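To get my numbering, take the position in the sequence shown, counting from 1, and add 390.
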Amino acid sequence: FLVSNLFILYRVCPSSLQQAVRLTMWWLGKLLEQ
391 FLVSNLFILY
401 RVCPSSLQQA
411 VRLTMWWLGK
421 LLEQ
């Protein structure tokens, strides 16, 4: 599930991949906080 979402993000916005990675890291941090 998570890998699929990351792959979709990578395919959809390769130009802003760094922003997508940053957003993913923030999202993972939010999940770990709960």
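Backbone N, C-alpha and C fix where the C-beta goes; we use that ideal spot for every residue, glycine too.
In this text the structure is predicted, and so the values were computed from the model without any measurement.
With a beta-carbon spacing of about 13 angstroms, Leu392 and Tyr400 fall beyond the 8 angstroms limit used to define contacts.
Shown here, Gln424 sits in coil according to DSSP, grouped into three states, outside any helix or strand. Distance from the CA atom of Glu423 to the CA atom of Trp416, rounded to whole angstroms, is 11 angstroms.
Collapsing the DSSP output to three states places Ser406 in coil.
Rounded to whole angstroms, the gap between the alpha carbons of Leu421 and Thr414 is 10 angstroms.
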